[in-house]
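When we follow this note's numbering, the leftmost residue of the sequence shown carries the number 640, and every step to the right adds one.
Quick reminder that beta carbons are idealized off the backbone N, C-alpha and C, glycines included.
Right, one structure below, let's go through it.
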Amino acid sequence: MNRKNLPPVGIGVVTVFTVLLVLTLSVFSALTLTSARADLALSRTNARTVSAYYAADAEAAALYEEFAAGTEVELVADVPMTERQSLHIHLVREGDGVRILAWQTVPLEDGTDLGGDSLPVWDGTLPG
640 MNRKNLPPVG IGVVTVFTVL LVLTLSVFSA LTLTSARADL ALSRTNARTV
690 SAYYAADAEA AALYEEFAAG TEVELVADVP MTERQSLHIH LVREGDGVRI
740 LAWQTVPLED GTDLGGDSLP VWDGTLPG
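Now the structure itself:
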């Protein structure tokens, strides 16, 4: 057989390399798409939580103004934010002003059903 009719050895190696390169790029693009979707979902959740916080904060500020204008000695209130959190405020009248003892987000009371999307967290008790 004549050497002119034989394919060069490099064609097989180049083909295998090209196939592996295409597969690698396909996997990376799929991972990038998955990561982008997860980031989008997290960003939307964060935006909802921040919006809920500022709405609850505005409502708590209105409660503060009412308390400052009133005559009550103490105000303790929980302004709902999300299904799992509320904004807890604790105000006390001191002299001619109002002292803020608490203005923070807190989880809802224990025993509240959080639904099916919560993680099973160990409560500290041993099984058995």
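For the beta strand (DSSP E) that residue i lies in, which residues bound it at each end?
i	result
P746	G736 to P746
E733	Q724 to E733
V715	E713 to P719
Evaluate residue i with the Cβ neighbour count: other Cβ atoms within 10 Å of its Cβ, from every protein chain shown; 16 or more gives buried, anything less gives exposed.
i	result
F706	buried
L662	exposed
L659	exposed
V715	exposed
A677	exposed
Straight-line CA distance for residue i to residue j?
i	j	result
I739	D762	32 Å
L726	S665	46 Å
V689	A697	12 Å
Q724	S668	37 Å
L679	V731	42 Å
V718	T764	32 Å
A700	N685	22 Å
L747	V655	58 Å
E711	A675	51 Å
A708	H729	16 Å
T744	P759	22 Å
E704	Y693	16 Å
E722	R687	12 Å
L672	I650	33 Å
L702	E713	12 Å
S682	A695	20 Å
Contact defined as beta carbons within less than 8 Å: I believe residue i pairs with residue j. What is the distance between those atoms, to the nearest angstrom?
i	j	result
M720	A691	5 Å
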